[in-house]
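Only one structure is covered here, and it is reproduced in the block below.
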Amino acid sequence: MAMNFFKEGHWSSPRKTIANRFADDDYGYVYHAGILFSEFLRASDISAGKARGMSLLDYGCGTGRVARFFSMIFGEVYGYDPVPECITESDAEGKRVEMFPRQPKLFTSNIQDITKKFDIIVSINVFEHLDAPRFGVALGNITNLLKNDAACYLWVHKIKNADFFAKHNLSLPESNVSIVKGTKKSGQLIFSESNILKK
Ligand SMILES: C[S@@+](CC[C@H](N)C(=O)[O-])C[C@H]1O[C@@H](n2cnc3c(N)ncnc32)[C@H](O)[C@@H]1O
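According to my numbering, the sequence shown holds residues 635 to 833 in order.
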């Protein structure tokens with residue numbers, strides 16, 4: 635089946651494309667991010683005590699709305715999004731939405747700015763929008779940026795990302811979108827579960 639994937643330009647008006655029903659509603663937009671954050675917590679089962687000692691990268695962070703929630707419990711949080719307009723909007727949003735006691739350490743649209751490796755990488759609602767070449771680059775970057783034995787959590791779509799499920803011998807979840815956990819072993823990502831969370 636031919637799929638319609640987005641190129642980066644699609645996201646250059648981030649609030650209108652990431653969650654357009656909240657384009658002019660900061661707190662609705664943040665509330666929606668809180669739901670995504672709680673999905674991650676349920677999928678990963680990481681206690682707040684453990685999280686405090688961990689670094690996390692939000693890959694494809696958009697305007698950083700979920701990264702701000704991650705900052706509340708993780709020791710060090712970075713947000714990366716290749717679309718510069720997302721990072722610009724993130725700065726503005728961070729100043730307007732004053733409910734977070736801590737903020738991520740870095741938001742960037744330049745992957746070269748990220749010079750460390752992470753305990754966790756999360757990518758929320760990104761992979762379902764990427765064509766095969768972009769999908770490959772994103773997975774390669776995540777592999778490079780994870781510490782060995784560390785895990786990534788990727789939101790994937792069983793139809794749009796069907797090739798991924800087949801390649802990694804993952805059973806198909808009931809729901810269209812699910813969170814897949816990958817663990818880095820000997821420099822490679824091993825995906826073991828395809829149905830951590832049903833939406
Ligand atoms: C649906 S939005 C999700 C944003 C954010 N994760 C959230 O939940 O608010 C998809 C994001 O993927 C980003 N994106 C687009 N192409 C990408 C790529 N090749 N690699 C990583 N992220 C990409 C977009 O700029 C956009 O911010």
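We treat Cβ as the ideally placed atom computed from N, Cα and C, and that holds for glycine.
Here residue 706 has 734, 735 and 736 as same chain residues with Cβ atoms under 8 Å from its own Cβ, once five neighbours each way along the sequence are excluded. Distances from the CB of residue 747 to the heavy atoms of ligand 1 are all 8 Å or more. For residue 751, there is no enclosing alpha helix (DSSP H), as DSSP marks it with neither H nor E. Boundaries of the alpha helix (DSSP H) harbouring residue 773: 766-779, taken from the DSSP string. Annotated three-state conformation of residue 638 is coil, per DSSP. Within the region 639-667, the runs of alpha helix (DSSP H) at least 4 residues long that lie entirely inside it are, in chain order, 648-652.
Between residue 830 and residue 814, the C-beta spacing is below 9 Å. Judged by DSSP in its simplified three-state form, residue 758 adopts coil rather than helix or strand. With a threshold of 16 other beta carbon atoms within 10 Å, residue 701 meets it and is buried. Per DSSP, reduced to three states, the secondary structure at residue 745 is helical. Remark: the shortest separation between the CB of residue 726 and any heavy atom of ligand 1 does not fall under 8 Å. A distance criterion of 8 Å places the beta-carbon of residue 697 in contact range of ligand 1, judged by its closest non-hydrogen atom.
Minimum Cα-Cα distance from residue 786 among the listed residues 773, 676 and 645 corresponds to 773.
In this chain, residue 819 is not harboured by any alpha helix (DSSP H); it is covered by the beta strand (DSSP E) spanning 811-819.
Comparing alpha-carbon positions, the option among 781, 650 and 713 lying closest to residue 758 turns out to be 713. Around residue 823, the same chain offers 777 and 816 as residues with beta carbons nearer than 6 Å, after the five sequence neighbours per side are excluded. Pairing residue 688 with residue 750, the inter-Cα distance amounts to about 13 Å.
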